[in-house]
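Right, one structure below, let's go through it.
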Amino acid sequence: MARSSIISHPLSRRQVLKGGAALGIGSAAAMGLTPAWANPWGRTNVYAQGVEEGPEVSLAIRRESLPIDGQEAQPITINGTSPAPLIRLKEGQDAVLRVTNLLDEPTSIHWHGLILPPEMDGVPGVSFAGIAPGETFTYRFPVRQNGTYWYHSHSGLQEQLGHAGPLIIDAAEREPIRYDREHVLLLTDWTFEDPMSVFRNLKTMEGYYNFQERTIADFFADVREKGFSQTAEMRGMWAKMRMSSRDIADVTGSTYTYLLNGHSPQENWNALFKAGERVRLRVINGSAMSYFDVRIPGLKMTVVAADGQPVQPVPVDEFRIGVAETYDVLVSPEDDRAYTIFAEAMDRSGYARATLAPREGMQAEIPKRRQIADRGMEAMGAHGMGGMDHSNMAGMDHSGMSNMSGMDHSSMAGMDHSGMSNMQGMDHSTMGGMAAEQAKIGANGLLLAGEAQPGSRYDQAGIGIDPDERRILVYRDLKAITPWPDRREPGRELELHLTGNMERYIWSFDGKKFSEVTGPIHFVKDERLRLILINDTMMEHPIHLHGMWMELENGQGELIPRKHTLNVKPGERVSALITADAEGSWAFHCHLLYHMDAGMFRVVQVS
Numbered sequence: 117m118a119r120s121s122i123i124s125h126p127l128s129r130r131q132v133l134k135g136g137a138a139l140g141i142g143s144a145a146a147m148g149l150t151p152a153w154a155n156p157w158g159r160t161n162v163y164a165q166g167v168e169e170g171p172e173v174s175l176a177i178r179r180e181s182l183p184i185d186g187q188e189a190q191p192i193t194i195n196g197t198s199p200a201p202l203i204r205l206k207e208g209q210d211a212v213l214r215v216t217n218l219l220d221e222p223t224s225i226h227w228h229g230l231i232l233p234p235e236m237d238g239v240p241g242v243s244f245a246g247i248a249p250g251e252t253f254t255y256r257f258p259v260r261q262n263g264t265y266w267y268h269s270h271s272g273l274q275e276q277l278g279h280a281g282p283l284i285i286d287a288a289e290r291e292p293i294r295y296d297r298e299h300v301l302l303l304t305d306w307t308f309e310d311p312m313s314v315f316r317n318l319k320t321m322e323g324y325y326n327f328q329e330r331t332i333a334d335f336f337a338d339v340r341e342k343g344f345s346q347t348a349e350m351r352g353m354w355a356k357m358r359m360s361s362r363d364i365a366d367v368t369g370s371t372y373t374y375l376l377n378g379h380s381p382q383e384n385w386n387a388l389f390k391a392g393e394r395v396r397l398r399v400i401n402g403s404a405m406s407y408f409d410v411r412i413p414g415l416k417m418t419v420v421a422a423d424g425q426p427v428q429p430v431p432v433d434e435f436r437i438g439v440a441e442t443y444d445v446l447v448s449p450e451d452d453r454a455y456t457i458f459a460e461a462m463d464r465s466g467y468a469r470a471t472l473a474p475r476e477g478m479q480a481e482i483p484k485r486r487q488i489a490d491r492g493m494e495a496m497g498a499h500g501m502g503g504m505d506h507s508n509m510a511g512m513d514h515s516g517m518s519n520m521s522g523m524d525h526s527s528m529a530g531m532d533h534s535g536m537s538n539m540q541g542m543d544h545s546t547m548g549g550m551a552a553e554q555a556k557i558g559a560n561g562l563l564l565a566g567e568a569q570p571g572s573r574y575d576q577a578g579i580g581i582d583p584d585e586r587r588i589l590v591y592r593d594l595k596a597i598t599p600w601p602d603r604r605e606p607g608r609e610l611e612l613h614l615t616g617n618m619e620r621y622i623w624s625f626d627g628k629k630f631s632e633v634t635g636p637i638h639f640v641k642d643e644r645l646r647l648i649l650i651n652d653t654m655m656e657h658p659i660h661l662h663g664m665w666m667e668l669e670n671g672q673g674e675l676i677p678r679k680h681t682l683n684v685k686p687g688e689r690v691s692a693l694i695t696a697d698a699e700g701s702w703a704f705h706c707h708l709l710y711h712m713d714a715g716m717f718r719v720v721q722v723s
């Protein structure tokens with residue numbers, strides 16, 4: 117049987133992989149192996165193979181030849197495979213991770229979403245020097261959480277070269293989630309171009325990789341639907357901003373091959389199950405630039421965790437996963453048939469796929485890709501962006517704008533609202549709504565903890581999704597199992613605008629790229645603050661804070677969910693509560709790799 121052949125020699129295979137990696141002699145490619153953790157039978161209570169189990173793990177990083185989608189490639193490998201090995205730790209352990217750099221350039225590993233000491237976070241130039249060629253760096257930290265996470269390079273553009281892998285932390289105590297088998301699904305995007313060439317192309321010409329621009333036929337279709345006047349007005353607005361309404365993704369399937377566990381759609385990786393089992397799928401978006409819409413036609417999914425943290429179960433047919441996010445879902449296939457795991461790129465330029473099946477070699481129908489969507493008025497901003505010339509955004513000084521990060525929101529506490537009901541000339545039919553909004557304001561003049569910001573769109577999945585077509589996960593659905601320990605109201609607000617210039621390919625916070633800022637963002641040790649993010653660009657941005665949780669204020673009150681990465685849609689205003697309990701320096705950035713490299717990066721100093 118296939119299963120017995122897989123498990124007959126797990127230790128000897130693992131020793132060969134680890135030994136070969138350490139000595140620099142041989143690789144998984146030479147042995148004809150794919151990442152050992154991505155075996156079709158996954159993991160059950162009694163079966164585990166191809167995993168680097170903690171608490172002590174040795175990793176060797178090198179560049180070598182491996183086939184990707186049937187072509188010879190030169191990815192960065194870890195212990196001989198790309199994607200990198202699955203590392204499995206346990207809550208309560210003291211992890212010891214020895215990383216040897218066999219590249220001819222510095223490298224690093226960031227443990228994405230883990231709460232750990234700043235010097236172990238793995239971001240060169242922040243609180244860590246990086247790992248020089250030929251050196252071994254030992255990461256040591258207590259494991260204080262459980263769930264689905266991942267790890268990747270924070271050096272240059274190495275993440276685009278395959279330097280990423282899954283990280284699973286088993287709970288110290290039995291989880292409330294019951295399941296019989298689990299599979300890890302790591303989504304990545306691979307290009308056969310040099311990543312630096314991709315970056316140069318983006319800076320050379322806006323829309324370089326976009327081959328799905330509007331046509332004359334699209335124009336006349338819009339005229340039939342909306343009329344000539346409205347269509348011409350919309351086209352004129354986009355032309356004025358020198359952008360396309362189809363700028364959905366900066367890098368597309370024109371250069372990307374979308375991979376699931378390192379396999380292309382044609383290679384059809386199999387995830388096996390036995391009929392009647394409850395299967396846990398740990399879905400990780402480890403791509404450099406790609407958002408995915410994930411569904412399994414014919415199977416309902418139940419979301420049970422977001423970014424490693426448990427949430428109250430949400431039955432869905434599809435979910436959008438931003439770059440660097442993770443979602444855990446449960447499925448219960450009852451029939452003796454195959455199901456397609458379909459991860460469609462948000463811009464519809466391609467997809468990753470695998471097959472969930474009772475036997476190897478099976479496949480199911482692949483859904484037809486949806487049409488690319490056009491960005492509409494919501495992308496032009498809920499905050500007065502309609503007339504903004506985005507070609508000049510990079511040079512804009514946002515520091516003087518009202519409600520910006522320099523404003524002292526605590527001064528609102530002294531405002532006397534008691535006379536509002538007596539104002540002359542007011543349309544009192546609106547007073548009920550105003551009173552409801554006023555009830556959400558605390559004694560310090562700030563929104564009460566957990567309330568959604570005006571301008572948030574947590575009930576929308578985002579562009580290209582038809583909510584009437586199937587049940588889609590939205591941020592509003594995410595609800596923690598129990599309240600988080602810190603129940604304090606925020607003492608202050610910090611507001612940051614996400615800014616950029618698509619034409620020059622510059623990305624920034626508050627109009628300044630990282631090379632232009634003079635110092636870090638300051639958090640006071642142990643303070644409770646509200647971080648407000650306002651997206652003044654036409655693109656989605658997955659914003660990641662290292663070292664601390666962000667509690668997404670999605671209107672769930674005391675049960676708002678913890679996340680390490682927040683997707684902010686174009687024109688959207690979102691907020692999160694933060695307990696600044698992690699002293700030191702931490703990276704804070706957009707997790708779109710080329711956006712981060714182009715300037716959308718800051719350092720947060722907690723002291």
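Residue numbering for the sequence shown follows the numbering used here, starting at 117 and increasing by one per position.
Heads up, the beta-carbon is just placed ideally off N, CA and C, and yes, glycines get one too.
Check	Outcome
Exposed unless 16 or more other CB atoms sit within 10 angstroms - verdict on M703	Note that residue 703 corresponds to Ala in the displayed sequence, not to Met. Per the 10 Å Cβ criterion, buried.
Rounded straight-line distance, which links the Cα of I247 to that of S269	11 Å
Residue interval of the beta strand (DSSP E) (run including T456)	Y455 to A461
Residue burial classification, H638 (beta-carbon count within 10 angstroms, cutoff 16)	exposed
Three-state class that DSSP yields for Y621 in the structure shown	coil
Backbone secondary structure at P258 - three-state DSSP	strand
Which residues DSSP lists as bridging M405, in chain order	None; M405 has no bridge partner.
Whole-angstrom distance between T223 and F257, CA atom to CA atom	19 Å
Cα-Cα separation, A440 to I293	23 Å
Nearest-angstrom beta carbon gap, P201 and P151 [assumed within contact, 8 Å]	7 Å
Cβ neighbours of Q68 in the same chain (closer than 6 Å, five flanking residues each side left out)	Absent from the model: residue 68. The displayed extent of the chain is 117 to 723, so no value can be given.
Alpha helix (DSSP H) segment containing T320, residue limits	P311 to T320
Sequence-distant residues of its chain with Cβ nearer than 8 Å to S545 (five each side left out)	With a pLDDT of only 45 at S545, under the threshold of 50, the placement of this residue in the model should not be trusted; the figure read from the coordinates follows. Counting only Cβ-Cβ distances below 8 Å, and skipping sequence neighbours, we find nothing.
Span of the alpha helix (DSSP H) around D713	L709 to D713
N- and C-terminal bounds of the beta strand (DSSP E) containing L682	T681 to V684
Which residues DSSP lists as bridging I637, in chain order	V720
Candidates P171, V300, L610 and E168, of which the one nearest A154 by Cα	V300
Q479 and N384 closer than 9 Å at C-beta	yes
Close beta carbons around E476, own chain, < 8 Å, minus the five adjacent residues each side	A118, P156, N386 and L388
Proximal residues to R204 (C-beta, below 6 Å), its chain only, five neighbours per side dropped	V167, E169 and I284
Residue from G566, G369 and I457 whose Cα sits closest to the Cα of R646	G566
Expected contact under 8 Å - CB spacing of I581 and D409 to nearest Å	7 Å
Straight-line Cα distance separating L661 from L230	11 Å
Three-state class that DSSP yields for R608 in the structure shown	strand
Collapsed DSSP secondary structure at F704 in the structure displayed	strand
Sufficient close CB pairs (3 or more, under 8 Å) joining the region 359 to 378 to the region 458 to 474	yes
E275 - DSSP class collapsed to helix/strand/coil	helix
Limits of the unbroken beta strand (DSSP E) element including A280	A280 to D286
Residue span of the beta strand (DSSP E) that contains D444, given as start and end	T442 to V447
Cut-off 6 Å between Cβ atoms - residues of its own chain near P429, not counting five sequence neighbours on either side	T418 and V420
Three-state secondary structure (DSSP) of V663	The amino acid occupying residue 663 in the given sequence is Gly; Val does not appear at that position. Looking at G663 - three-state DSSP - the assignment turns out to be coil, as it is neither helix nor strand.
Within the region 201 to 233, ranges of the beta strand (DSSP E) (whole runs, at least 3 residues)	202 to 206, 210 to 217 and 226 to 228
Counterpart residues of S174 in DSSP-defined beta bridges	R214
Meets three-Cβ-pair contact criterion under 8 Å: the region 612 to 620 and the region 567 to 581	no
Beta-carbon proximity check, L397 vs E298, cutoff 9 Å	yes
For G571 and E611, the rounded distance between their alpha carbons	14 Å
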